[in-house]
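Participant:
Number of protein chains: 2
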Amino acid sequence: MTPYWRVVLASRPRGAVTPENFRLETAQVPALQDGELLVRNHYLSLDPYMRGRMSAGKSYAAAQALDETMIGGTVGEVVASRHAGYAVGDTVVGVLGWTEMAVSDGTGLRKVDGGKLPLSAYLGAVGMPGMAAWYGLNKIIAPKAGETVVVSAASGAVGSVVGQLARLQGCRVVGIAGGPDKCAYVVDELGFDACIDYKAGRLDADLAAATPDGVDGIFENVGGAVLDAALARTNAFGRVALCGMIGGFGGADMAINNAKLLLINRLTLQGFIVTEHMDLWQQGLAQLADLVAGGQVKYRESVAQGLASAPAAFIGLLQGFNFGKQLVKLI
Amino acid sequence: MTPYWRVVLASRPRGAVTPENFRLETAQVPALQDGELLVRNHYLSLDPYMRGRMSAGKSYAAAQALDETMIGGTVGEVVASRHAGYAVGDTVVGVLGWTEMAVSDGTGLRKVDGGKLPLSAYLGAVGMPGMAAWYGLNKIIAPKAGETVVVSAASGAVGSVVGQLARLQGCRVVGIAGGPDKCAYVVDELGFDACIDYKAGRLDADLAAATPDGVDGIFENVGGAVLDAALARTNAFGRVALCGMIGGFGGADMAINNAKLLLINRLTLQGFIVTEHMDLWQQGLAQLADLVAGGQVKYRESVAQGLASAPAAFIGLLQGFNFGKQLVKLI
Numbered sequence: 123m124t125p126y127w128r129v130v131l132a133s134r135p136r137g138a139v140t141p142e143n144f145r146l147e148t149a150q151v152p153a154l155q156d157g158e159l160l161v162r163n164h165y166l167s168l169d170p171y172m173r174g175r176m177s178a179g180k181s182y183a184a185a186q187a188l189d190e191t192m193i194g195g196t197v198g199e200v201v202a203s204r205h206a207g208y209a210v211g212d213t214v215v216g217v218l219g220w221t222e223m224a225v226s227d228g229t230g231l232r233k234v235d236g237g238k239l240p241l242s243a244y245l246g247a248v249g250m251p252g253m254a255a256w257y258g259l260n261k262i263i264a265p266k267a268g269e270t271v272v273v274s275a276a277s278g279a280v281g282s283v284v285g286q287l288a289r290l291q292g293c294r295v296v297g298i299a300g301g302p303d304k305c306a307y308v309v310d311e312l313g314f315d316a317c318i319d320y321k322a323g324r325l326d327a328d329l330a331a332a333t334p335d336g337v338d339g340i341f342e343n344v345g346g347a348v349l350d351a352a353l354a355r356t357n358a359f360g361r362v363a364l365c366g367m368i369g370g371f372g373g374a375d376m377a378i379n380n381a382k383l384l385l386i387n388r389l390t391l392q393g394f395i396v397t398e399h400m401d402l403w404q405q406g407l408a409q410l411a412d413l414v415a416g417g418q419v420k421y422r423e424s425v426a427q428g429l430a431s432a433p434a435a436f437i438g439l440l441q442g443f444n445f446g447k448q449l450v451k452l453i
Numbered sequence: 123m124t125p126y127w128r129v130v131l132a133s134r135p136r137g138a139v140t141p142e143n144f145r146l147e148t149a150q151v152p153a154l155q156d157g158e159l160l161v162r163n164h165y166l167s168l169d170p171y172m173r174g175r176m177s178a179g180k181s182y183a184a185a186q187a188l189d190e191t192m193i194g195g196t197v198g199e200v201v202a203s204r205h206a207g208y209a210v211g212d213t214v215v216g217v218l219g220w221t222e223m224a225v226s227d228g229t230g231l232r233k234v235d236g237g238k239l240p241l242s243a244y245l246g247a248v249g250m251p252g253m254a255a256w257y258g259l260n261k262i263i264a265p266k267a268g269e270t271v272v273v274s275a276a277s278g279a280v281g282s283v284v285g286q287l288a289r290l291q292g293c294r295v296v297g298i299a300g301g302p303d304k305c306a307y308v309v310d311e312l313g314f315d316a317c318i319d320y321k322a323g324r325l326d327a328d329l330a331a332a333t334p335d336g337v338d339g340i341f342e343n344v345g346g347a348v349l350d351a352a353l354a355r356t357n358a359f360g361r362v363a364l365c366g367m368i369g370g371f372g373g374a375d376m377a378i379n380n381a382k383l384l385l386i387n388r389l390t391l392q393g394f395i396v397t398e399h400m401d402l403w404q405q406g407l408a409q410l411a412d413l414v415a416g417g418q419v420k421y422r423e424s425v426a427q428g429l430a431s432a433p434a435a436f437i438g439l440l441q442g443f444n445f446g447k448q449l450v451k452l453i
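These protein sequence lines are chains A and B, in that order. For reference, each letter of the first sequence is one residue, going 123 to 453 in this note's numbering. For reference, each letter of the second sequence is one residue, going 123 to 453 in this note's numbering.
(1) Just how far apart, CA to CA, sit residue 330 of chain B and residue 353 of chain B?
(2) Tell me whether the stretch 325-341 of chain A and the stretch 270-287 of chain A touch, counting them as touching only if at least three CB pairs, one residue from each stretch, are closer than 8 Å.
(3) Which runs of the alpha helix (DSSP H) at least 4 residues long sit entirely within the stretch 338-403 of chain A? Give them in chain order.
(4) Just by C-beta distance, which residues in the stretch 372-390 of chain B are closer than 9 Å to chain A?
(5) So for residue 214 of chain A, helix, strand or coil by DSSP?
(6) Could you say if the stretch 158-169 of chain A and the stretch 426-435 of chain A meet the contact criterion of at least three C-beta pairs nearer than 8 Å?
(7) Kindly give me the distance between the Cβ atoms of residue 350 of chain B and residue 378 of chain B, rounded to whole angstroms, as I take these residues to be in contact under 8 Å.
(8) Just how far apart, CA to CA, sit residue 294 of chain A and residue 325 of chain A?
(9) To the nearest angstrom, how far is the alpha carbon of residue 144 of chain B from that of residue 183 of chain B?
(10) For the stretch 170-256 of chain B, which segments carrying the alpha helix (DSSP H) assignment without a break, of at least 4 residues, lie completely within its bounds, in sequence order?
(11) Work out the CA separation of residue 141 of chain A and residue 433 of chain A for me, nearest whole Å.
(12) Can you list, in chain order, the residues of its chain whose CB lies under 6 Å from that of residue 321 of chain B, leaving out five sequence neighbours each side?
(13) So, for residue 291 of chain A: in the same chain, excluding its five sequence neighbours on each side, which residues have a beta-carbon less than 7 Å away from its beta-carbon?
(14) Specify, as a first and last residue, the run of the beta strand (DSSP E) that residue 317 of chain A falls within.
(15) Is it right to say residue 222 of chain A is buried, meaning 16 or more other beta carbons lie within 10 angstroms of its own, or is it exposed?
(16) For the stretch 249-260 of chain A against the stretch 390-401 of chain A, are there 3 or more C-beta pairs whose distance is under 8 Å?
(17) Taking the C-alpha atoms as reference points, what is the distance between residue 451 of chain B and residue 289 of chain A?
(18) Whose Cβ in chain B lies nearer than 8 Å to the Cβ of residue 367 of chain A?
(19) Going along chain B in order, which residues have a C-beta closer than 8 Å to the C-beta of residue 364 of chain A?
(20) By the three-class DSSP mapping on this structure, what secondary structure does residue 266 of chain A have?
(21) Under 7 Å Cβ-Cβ, which residues of chain A neighbour residue 395 of chain B?
(22) What in chain A is Cβ-close to residue 392 of chain B, meaning under 7 Å?
(23) Between which two residues does the beta strand (DSSP E) carrying residue 125 of chain B extend?
(24) Pick helix, strand or coil for residue 144 of chain B, following the three-state DSSP scheme.
(25) Leaving out five residues on either side along the sequence, give the residues of the same chain with a beta carbon under 6 Å from the beta carbon of residue 417 of chain A.
(26) Hey, residue 358 of chain B and residue 388 of chain B: beta-carbon distance below 7 Å or not?
(27) Which one of B/135, B/252, B/236 has the shortest CA to CA distance from residue 407 of chain B?
(28) Which runs of the beta strand (DSSP E) spanning at least 3 residues fall entirely within the stretch 271-315 of chain B, listed in chain order?
(29) Could you tell me the boundaries of the alpha helix (DSSP H) in which residue 166 of chain A lies?
(30) Under the rule that 16 or more other beta-carbon atoms within 10 Å means buried, what is residue 196 of chain B, buried or exposed?
(31) Name the chain B residues whose beta carbon is nearer than 9 Å to that of residue 345 of chain A?
(32) Could you check whether residue 192 of chain A and residue 385 of chain B sit closer than 7 Å to each other, using their CB atoms as the reference points?
(33) Per the DSSP calculation, residue 447 of chain A is bridged to which residue(s)?
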């Protein structure tokens, strides 16, 4: 029997998430049954959706159970198998949680080519965040060349891919991010046409200056004042892909004050969850893998070391301290 | 030369519309040029969209010019013609404005069968309001039998048609209207399953009780607290057809406070203007004419007598004093 570490939800947050909401504990690897395999996780993905799961309120998914392993995407290596479809050494992406090791019956696992890309890419630009970008941009915004697309949380795992894909489709792309470092990265490294630092306090004016032809598509990860500022610039028949409202996780008011513009500009706004569109993942991930391998889609990672650092890294993610895709390296 | 009466926009409203914003004046019918016809209007339609045109601010349409005839839909009779396509006695629907007589070159005119339905129907259930209902319900909400649809301003020209069409498609239909008389009409005469009186002060609780299976479609004419109440009841993948925000014309805050539900319930919200979908009017109006002629779609009218009564009738419409489609009878 091998001991390993995992993180469970100890309590539900009241307002902001605190370290006390989590508990690090040891567990023992059980003996495998027929049809099971054992995965040693190399990376854990930290993502904003986890905040929603920590609360008991109505949401699109069941709440994370107390005292059970926190939900989370993982990439790792099969280290033992009594499952016909998996062999020791296979690289697998899944949702095995905040844990160093996990037993699986294969449900929700996906084998990937561990040699083509760095393993961590399968949790970012070629994983769930990349697919969220791909789906919202291509299936909701569906921009034409020459249109202007605004992306919030532009330096993040989703936003960075949205902007690069939109640029490849011939759009003018304007990011919104927090701080001059992130904005410089978004423009200089990712190739966005402009990036607005919302922390500079001139969001409306800066966004207006950066979108002289108005806004045709909004990929929204933040909500609240950030979304209102983008709505204020919309052209007729603009499309809003509503992927996240990370700005509201701390309890901030996420009201849409510019709601009249939804009517006046005949906008279409659609909320979505990318895991409800699995039929498109094979197509989308294949495109994203090629673009990442070819260097046309770049990404950046914030990597915390060791499972014990996950709670603090997650709290930092919710506060925008990460810079690029937030990961925890487990091995 | 024959004198006739018309109403022009005298000044733009600051907040609520007042009678002083309008001016009744006489004009002379000019001699017809080749290609022109003269229409004597029988009915003028009063509609909420006119409020938007009275302001100079950015909207989906150009502002109504000062000192010119107020925009408005009309149905009338050709009384003189030098146009090859129109003969004296033809019944024509158009947008000839708040005026007893008008010269036209045929642009935007539509000949209708003056014998099949009462003329006023072409300004209501078989006109622009009916088409707004038809488009928003069929092309945005697209309900399945058994789903629940909520309609605000349910006794109005648009809402009444929405609900009856949705009932014919096998939906549970819940209206929202102002006052017990309107609600009784919506249930007893129009056949809605339920109607909530928002003036009773229990909007959220009453709507929850009337939608035990949640809400799949919202046809929104009001906005603000009425829309928030309906959003609070939405099921996953609900659709919101945003047709109007009449609640905001007096300057009320139209913010969407339940914006998080757009994401949590993966809703699609679409603002629309029915005059931008003229390609569907022939199909939709033919269906509506048959349903009205067959008694499956009923309607009710508030008819003001004479052009001089139009300003007061319009102000009453904005305040919800009308009961059914607001018209002005001109002859």
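Glycine included, every Cβ here is placed at the ideal spot set by N, Cα and C. Note that the coordinates shown come from a computational prediction; the quantities given were computed from them, not determined experimentally.
Facilitator: This is what the structure gives:
(1) 11 Å
(2) Yes, they touch.
(3) 347-353, 382-386
(4) Of all residues in the stretch 372-390 of chain B, 375, 376, 377, 378, 379, 380, 381, 382, 383, 384, 385, 386, 387, 388, 389, 390 have a Cβ within less than 9 Å of some Cβ in chain A.
(5) strand
(6) yes
(7) 7 Å
(8) 18 Å
(9) 20 Å
(10) Whole alpha helix (DSSP H) segments, 4+ residues: 171-176.
(11) Answer to the nearest angstrom: the Cα atoms are 6 Å apart.
(12) 300, 301
(13) 265, 267
(14) Unbroken beta strand (DSSP E) run through residue 317 of chain A: 316-319.
(15) By the C-beta density criterion, residue 222 of chain A is buried, having at least 16 other C-beta atoms within 10 angstroms.
(16) Counting Cβ pairs under 8 Å, three or more are found: they touch.
(17) 56 Å
(18) 381, 382, 385
(19) 384, 385
(20) coil
(21) 388
(22) Going along chain A in sequence order, the residues near residue 392 of chain B (Cβ under 7 Å) are 390.
(23) It spans 125-131 - the beta strand (DSSP E) in which residue 125 of chain B sits, taken as one unbroken run.
(24) strand
(25) none
(26) yes
(27) B/252
(28) 294-299
(29) No alpha helix (DSSP H) contains residue 166 of chain A, which is instead part of the beta strand (DSSP E) from 159-167.
(30) buried
(31) Neighbours of residue 345 of chain A on chain B, chain order: 381, 382, 385.
(32) no
(33) A/423
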